[in-house]
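Each remark here refers to the structure printed beneath this line.
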RNA sequence: GGACGGGUGGGUGAGUGGCUAAAACCAGCAGACUGUAAAUCUGCCGCUCCUUGCGGGCUACGGAGGUUCGAAUCCUCCCCCGUCCA
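Residue numbers (my numbering): 0 to 310.
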């Protein structure tokens with residue numbers, strides 16, 4: 000019924016220029032930006048997560064940025080709930096939602112939905128994790144094999160994180176993961192989704208990543224990290240695990256020299272970009288553009304694509 | 001000039017006669033991933049051939065010789081690097 004409502008999704012690896020393209024499109028088509036990024040949801044982690052500073056947003060509203068405290072657990076399920084609400088609100092205002100998606104899992108959770116599985120349970124995980132630490136990861140995998148043969152065969156014995164989640168689902172819901180998955184997922188309804196994928200040449204992307212890390216440093220990234228620590232934010236909280244923050248935390252603790260940290264951040268970011276590309280490649284119905292989002296030709300291409308979809 | 005220590009695959013580095021194309025880690029490449037996802041994990045990783053097999057050939061542990069059925073591993077000489085003595 001509401002198929003006339005549209006949702007533009009811009010997906011692509013880090014540093015491909017999603018934010019710039021989103022703002023450009025929002026200005027031309029009465030849009031608002033919604034971040035689909037697992038790190039930008041955290042407050043105070045600004046420079047390294049690539050949040051566009053308010054002053055550079057050209058008046059375009061941005062959503063799902065700065066929505067939780069650093070010590071809060073945030074998940075794909077939570078993202079889905081909040082994003083669904085935000086999309087409704089934007090449409091109710093008669094505006095066009097434009098999603099900037101770097102976190103493939105969150106995008107899929109929103110668009111395709113998640114199975115009706117129980118949310119994570121910290122105590123259960125803690126118990127399992129301890130057992131894994133004591134008896135080795137193979138032991139956990141054995142437990143999973145007993146409880147849910149099918150997912151045990153799909154999950155590598157070394158992948159403790161996924162093994163624990165599968166055991167958790169089985170224990171909490173009483174059902175194996177495969178059974179839950181078979182029952183389908185609650186996909187996003189009522190939107191015509193227009194996916195635009197940014198796929199700049201790998202070599203150029205990597206050069207940009209390297210350069211962007213130094214640019215971020217010049218704009219005060221290290222000071223930001225220092226401020227976070229001074230403020231008492233737990234150095235082991237989740238956002239501190241993200242690219243750059245962990246390295247700079249070590250620099251400030253005197254465990255690493257700055258040059259080495261920069262080198263590692265650049266390298267880890269390139270590896271991350273590769274993983275994003277691997278994930279997004281499988282995404283269906285994407286209008287791929289082989290350039291950066293901040294290039295005029297890319298914006299023109301994207302606008303043409305959106306216009307063509309109007310009919 | 002002398003005394004030691006060392007030179008191993010893109011990097012670090014193990015190996016001190018056969019089980020070694022050579023551990024492990026990193027990098028690189030490819031991939032998986034339905035509530036930690038900027039996370040986590042998996043495969044490949046000298047060259048080459050095919051009948052794609054726990055397959056064949058070639059090259060490889062600074063260089064050149066040698067010992068041995070067999071050498072990254074032992075011997076000789078040479079070249080580099082580090083530390084110390086002069």
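Glycine included, C-beta positions come from ideal geometry on N, C-alpha and C. Only a predicted model underlies this, so the values are computations on that prediction, with no experimental measurement involved.
| Asked | Found |
| --- | --- |
| Distance, Cα to Cα, residue 281 vs residue 193? | 16 Å |
| With a threshold of 16 other CB atoms inside 10 Å of the CB of residue 150, please say whether the residue is buried or exposed. | buried |
| Could you tell me the alpha carbon to alpha carbon distance between residue 179 and residue 160, rounded to whole angstroms? | 19 Å |
| Taking the alpha helix (DSSP H) that residue 195 falls in, what are its first and last residues? | Not the alpha helix (DSSP H): residue 195 falls in the beta strand (DSSP E), residues 191-197. |
| Report all residues from its chain with a CB closer than 7 Å to the CB of residue 204; omit the five preceding and five following residues, and keep chain order. | 12, 14, 15 and 272 |
| Just to confirm, is the Cβ distance from residue 195 to residue 61 under 8 Å? | no |
| Which of helix, strand or coil does DSSP assign to residue 43? | coil |
| Quick check: the Cα distance between residue 22 and residue 103, rounded to an integer number of angstroms? | 20 Å |
| Considering only the beta carbon of each residue, do residue 101 and residue 35 sit closer than 8 Å? | yes |
| Which partner residues of residue 99 appear in the DSSP bridge assignment? | 9 and 34 |
| Could you name the residues that DSSP lists as bridge partners for residue 278? | Bridge partners of residue 278: none, in fact. |
| Pick helix, strand or coil for residue 212, following the three-state DSSP scheme. | helix |
| Where residue 50 and residue 296 are concerned, what is the direct C-alpha to C-alpha distance, given to the nearest angstrom? | 24 Å |
| Does the distance from the CB of residue 47 to the CB of residue 255 come in under 8 Å? | no |
| Given that a residue counts as buried once 16 or more other Cβ atoms are within 10 Å of its Cβ, and exposed if not, what is residue 260? | buried |
| Taking residue 74 and residue 241 to be in contact with their CB atoms under 8 Å, please state how far apart those CB atoms are, rounded to whole angstroms. | Contact flag wrong, Cβ pair sits at about 15 Å. |
| Cβ atoms of residue 114 and residue 184: under 8 Å apart, would you say? | yes |
| Since residue 25 and residue 32 should fall inside the 8 Å C-beta cutoff, what is the C-beta to C-beta distance between them, to a whole number of angstroms? | 6 Å |
| Considering only C-alpha positions, which residue in the set 4, 169, 298 and 307 is nearest to residue 87? | 4 |
| Mind checking residue 140: buried by the 16 CB within 10 Å criterion, or exposed? | buried |
| Would you mind reading off the limits of the beta strand (DSSP E) that contains residue 286? | 285-288 |
| Between residue 94 and residue 292, how many whole angstroms is the CB-CB distance? I'm expecting something under 8 Å. | In fact, because the Cβ distance is near 20 Å, the residues do not count as touching under 8 Å. |
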